[in-house]
Each structure stands twice: as structure tokens, then as C-alpha cells.
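Just below is one structure, and these are the notes that go with it.
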Amino acid sequence: MSLEGLSINFATIKQGGSFATMVDACLAHGITTISPWRDQVHGIGLAEAVRIVDQNGIRLSGLCRGGFFPAADEQGRRNAIEDNKRAVEEASALKADCLVLVVGGLPAGSRDIRGARQMVEDGMAELLPYAKQAGIPLAIEPLHPFYAADRACFNTLKQSLDLCDKLGAGTGVAIDVYHVWWDPELEEQVARAGQNGQILAHHICDWLVPTKDPLNDRGMMGDGIVDLKGFRRMIEKAGFSGPQEVEIFSYDWNARPVDEVLSTVVERYKTVC
Numbered sequence: 001m002s003l004e005g006l007s008i009n010f011a012t013i014k015q016g017g018s019f020a021t022m023v024d025a026c027l028a029h030g031i032t033t034i035s036p037w038r039d040q041v042h043g044i045g046l047a048e049a050v051r052i053v054d055q056n057g058i059r060l061s062g063l064c065r066g067g068f069f070p071a072a073d074e075q076g077r078r079n080a081i082e083d084n085k086r087a088v089e090e091a092s093a094l095k096a097d098c099l100v101l102v103v104g105g106l107p108a109g110s111r112d113i114r115g116a117r118q119m120v121e122d123g124m125a126e127l128l129p130y131a132k133q134a135g136i137p138l139a140i141e142p143l144h145p146f147y148a149a150d151r152a153c154f155n156t157l158k159q160s161l162d163l164c165d166k167l168g169a170g171t172g173v174a175i176d177v178y179h180v181w182w183d184p185e186l187e188e189q190v191a192r193a194g195q196n197g198q199i200l201a202h203h204i205c206d207w208l209v210p211t212k213d214p215l216n217d218r219g220m221m222g223d224g225i226v227d228l229k230g231f232r233r234m235i236e237k238a239g240f241s242g243p244q245e246v247e248i249f250s251y252d253w254n255a256r257p258v259d260e261v262l263s264t265v266v267e268r269y270k271t272v273c
């Protein structure tokens, strides 16, 4: 099986050192599509990251991450917009398929989730013309409701797609199985996103039972309860033909040698995805 449809999010192999060494590890396993995090790009410098990507024919299925729009005051919201503009510039330089947005939760001390959602909408509306000019689609990643307070106050595909419809062209969603597998409207909303060309990225891992840590206990594909083959059929039926991006935050897997992690990823991609 070709690995053209496989992408590695660098959260999965963050123990692997620098941006350059993680790229080399992926290439050694025949993987040529990645999704790095901005701090990993900053660690080596944007110009050097661009050189490595171009020299090796690397594709970025996304750049992680922008977002975190809500803030307690106007200056905080302005700072978020400026940081997101820099993220757009970095994604453009790296020719990323999209900029993934973890939109942010409630500002410190707030109990107003409606207000936080309005700050997300306002922030994206201001960022969108800049992103469109740079040719970078903005991909909202709805996160599991557990993260509504601190990371993302958009938690379902329907919520996220409603906002995309309101904002218009240049927006879409990053569909992560870890965050949406449970949604009773999943099939309907995936089909809706596909109809409108709004599926910008697709992240995979697995949900373990029990889950010991809500952030850092994601499972390797096949070790949990998500119907990954069924999910893939559903998303491809909706028209998405991009790579499956393996994003695993895990105390377990992040403690293992990178070659072991990538070998396992490739094997599971071929057998259970």
C-alpha cells in the first residue's frame, strides 16, 4: 500500500528532536507528508524549515496551529489576531494545505461561553481576508466537549460548519476522530461538509477505554474503540481525498523511540485504517 495518503502530525513524534530530524525519520519510513507545530518550525527557523520542505518534496497537510482568539481584554484579542497573522504567513511559506485553528475557550475568570464564541467569530472574520490573500484556508478543529472551557468553545462539526457557512469561502474544518467519533450527527455533518468542500484535514488516532488522561492518552490506531475504517469510508464518501494525519498525544507513545512509533503507524495504517 502506498503511503501517499498518510501524514504524520509532529505531536506524534515530538520526542524526535528537531524539525529536521523528525523529517528525516519520516522520510526513512517512506512518509512524505507531515503536519508540524509552529514551535517546531520556530526552533529551526522558518527559512530553514522551508528549505528542508522544498528540498525533500515534503507536503504539509496542515500547520498547527492558530486560534485562541478569546481574551479578557481588547489588547489580548489584538495580540491573538497578530499572532494568527504570523501563523498564516508561516503556513503560506511552507505551502501548507491549511492552518489548523484550535479556537480557544473562555478567557480567564469568564463564565460567558456565548461571549467566547462571539470572540472566535469576530477574530476569524478579521483574520480571514488576510488568510485568503495568502492562499491559506482556515480549518476549525472542533474539540471534544471536555476542552470547551480552556481550549475550544466549538465542540461539534455542526457548530463549526455553521460558523464556516457564516464566514464564507476560505474556511472549513479539520475533522479529528478523537474529538468527534461520538457525535450522533457525525455522518450527516461530514456529508454536509463534503458537499460544500469544507473538509480541509482529517486527523486519526484512537480512543482508549479507559482513558487515563484526556490530553495525553490518545491511542494508536487499532488499540481503541473508534471504527476507523468506517470513518474513512464516510469521509471519502463525502469527497475528501486528502491524507489521513496521525496525531497522537500520548505519554506512552511519546516515550518510545521514534522508529518504533513510525513503524507501528505504518503497520496500523495498512491494516486498521
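When we follow full-length UniProt numbering, the leftmost residue of the sequence shown carries the number 1, and every step to the right adds one.
Note that CB positions come from ideal geometry on N, CA and C, so glycine has one too.
Note the first and the last residue of the continuous alpha helix (DSSP H) segment covering residue i.
i    : result
E48  : L46 to Q55
S160 : L157 to L167
L228 : L228 to K237
E82  : E74 to A93
A193 : L186 to Q195
R268 : V258 to T271
Would residue i and residue j qualify as a contact pair, given that the criterion is a beta-carbon distance under 9 Å?
i    : j    : result
T21  : G57  : no
P36  : P70  : no
G123 : R77  : yes
F249 : R268 : no
I136 : A96  : yes
F146 : I199 : no
A11  : C64  : yes
V100 : G62  : yes
V258 : G45  : no
E260 : N9   : no
G222 : D206 : yes
Return the first residue and the last residue of the beta strand (DSSP E) that residue i is part of.
i    : result
T171 : T171 to D176
Q244 : Q244 to V246
L200 : I199 to I204
I136 : Here I136 belongs to no beta strand (DSSP E), and DSSP marks it neither H nor E.
L101 : L99 to V102
Looking at C-alpha atoms only, which residue of the options is the closest neighbour of residue i?
i    : options                : result
V120 : T12, G67, L63 and G239 : G67
R86  : R111, D39, D24 and Q55 : D39
Y178 : D112, T211 and A91     : T211
N143 : W182, G168 and D227    : Note that residue 143 is Leu in the sequence shown, not Asn. Cα-wise, what sits closest to L143 is W182.
D271 : E89, M234 and D227     : With the sequence shown as reference, residue 271 is identified as Thr, and Asp is not the correct amino acid for it. The shortest C-alpha separation from T271 is found at D227.
V53  : R65, A72 and C26       : C26
E74  : A116, E89 and I34      : A116
A148 : A174, L128 and D112    : D112
Can you tell me whether residue i is buried or exposed, with buried defined as 16 or more other CB within 10 angstroms of its CB?
i    : result
G30  : exposed
D176 : buried
N84  : buried
V173 : buried
N155 : buried
Which ranges would you report for the beta strand (DSSP E) in the stretch 13–38 if only whole runs of at least 3 residues count? 33–35
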